[in-house]
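What follows is one structure encoded as structure tokens, with my remarks underneath.
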Amino acid sequence: MKFFIDTANLAQIHEAHDLGVLDGVTTNPSLMAKEGITGHDNIVNHYKAICEITDGDVSAEVIATNYNEIIKEGEALAKLHSKIVVKVPMIKDGVKALRYFSSKGIKTNCTLVFSSGQALLAAKAGATYVSPFIGRLDDVSTDGLSLIEDIRLIYDNYGFKTQILAASVRHPMHIVDCAKIGADVITAPLSAITALLKHPLTDNGLAQFLADHAKGAGK
Ligand code: E4P
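For the sequence shown, my numbering assigns the number 26 to the initial residue and increments by one for each residue that follows.
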């Protein structure tokens, strides 16, 4: 399973990359705004900076919502760097654009997916990645993980190549459960990724080992 980090924060992307487990980055307009990245030139430069840190794919989201504008914006984003994946919302013009980008060999990430029907359409349209938002489904008392299970079943039934990118991941158990179900990729905040490190028995065990070593060290 690939690990993407879901942020536009360069320091956090560096930290995840330095940990040696990072396979890519996802951003969205809200995450860019959170970092104070506004204006065309700043946004473009920020995407380029992210591409310089990670070895993997970097999702950059279009703002346009009509077909012609999505194509124009997506093609410009794709030209920025070979790692750029054009993130397209699950709307009618977005589905048409996914097909266009796919025919041109431009990688895509279909975002804002909340149902298996939407995921089926994204795969039919040739999306490289589909992003079901599991945390936001959990937020409205729906089981986000069962959506991942359903999409896995549908894609496996027909051999769709679209990769399931579990998004809106909120905590480490989301990551573990996605791995059990067979999501191809998770995108998570740094806090959820580093939380996988933690176990009190590891901390206690290490403290004991170090203490025992220190006792013998003076002899
Ligand atoms: C996915 O690509 C989105 O950027 C993201 O995972 C949304 O997460 P949120 O629901 O925590 O905003």
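C-beta atoms are modelled at their ideal positions from N, C-alpha and C, and glycine is treated no differently.
Check: residue i C-beta below 7 Å from any heavy atom of the ligand E4P
| i | result |
| --- | --- |
| Gly160 | yes |
| Ser193 | yes |
| Leu56 | yes |
| Asn34 | no |
| Asn53 | yes |
| Asp163 | no |
| Asp80 | no |
| Thr5 | Given a span of 26 to 244 for the chain in the structure shown, any question on residue 5 remains unanswerable. |
| Thr212 | yes |
| Thr227 | no |
| Ser84 | yes |
| Thr136 | yes |
| Asp209 | no |
| Ser141 | no |
| Asp202 | no |
| Asp48 | no |
| Ser216 | no |
| Ser107 | no |
| Ser166 | no |
| Ser156 | yes |
| Asp31 | yes |
According to DSSP, residues forming a beta bridge with residue i
| i | result |
| --- | --- |
| Pro157 | Val138 |
| Asp31 | Thr51 |
| Gln25 | With the chain represented from 26 up to 244, any question about residue 25 goes unanswered, as that position is not in the structure. |
| Glu211 | Checking the sequence shown, residue 211 turns out to be Ile, not Glu. Answer is Phe28, Ala191. |
| Thr202 | Going by the sequence as given, residue 202 is Asp instead of Thr. Note: Asp202 sits in no beta bridge, so no partner. |
| Ser84 | Thr51, Val110 |
| Thr133 | Val111 |
With 16 other Cβ atoms within 10 Å as the buried cut-off, status of residue i
| i | result |
| --- | --- |
| Asp181 | exposed |
| Phe234 | exposed |
| Ala144 | buried |
| Asp31 | buried |
| Asn229 | exposed |
| Thr4 | Absent from the structure is residue 4, since the part of the chain shown begins at 26 and ends at 244. |
| Gly14 | In this structure the chain extends from 26 to 244, so residue 14 is not present and cannot be described. |
| His199 | buried |
| Ser9 | Within the shown structure, residues of the chain are numbered from 26 to 244, placing residue 9 beyond reach of any answer. |
| Lys112 | buried |
| Ile159 | buried |
| Ser128 | exposed |
| Asp202 | buried |
| Thr136 | buried |
| Leu178 | exposed |
| Ser156 | buried |
| Gly64 | exposed |
Inter-stretch contact at 8 Å, needing at least 3 Cβ pairs: the region 178-188 / the region 216-234: With the cut-off at 8 Å, the region 178-188 and the region 216-234 do not touch.
Are there three or more Cβ pairs, one per stretch, closer than 8 Å when the region 61-73 is compared with the region 126-140? Taking one beta carbon from each stretch, the region 61-73 and the region 126-140 have fewer than 3 pairs nearer than 8 Å; the two do not touch.
Looking at C-beta atoms only, is the number of pairs between the region 76-92 and the region 48-60 that lie closer than 8 Å three or more? yes
At least three beta-carbon pairs within less than 8 Å, the region 36-45 to the region 94-109: no
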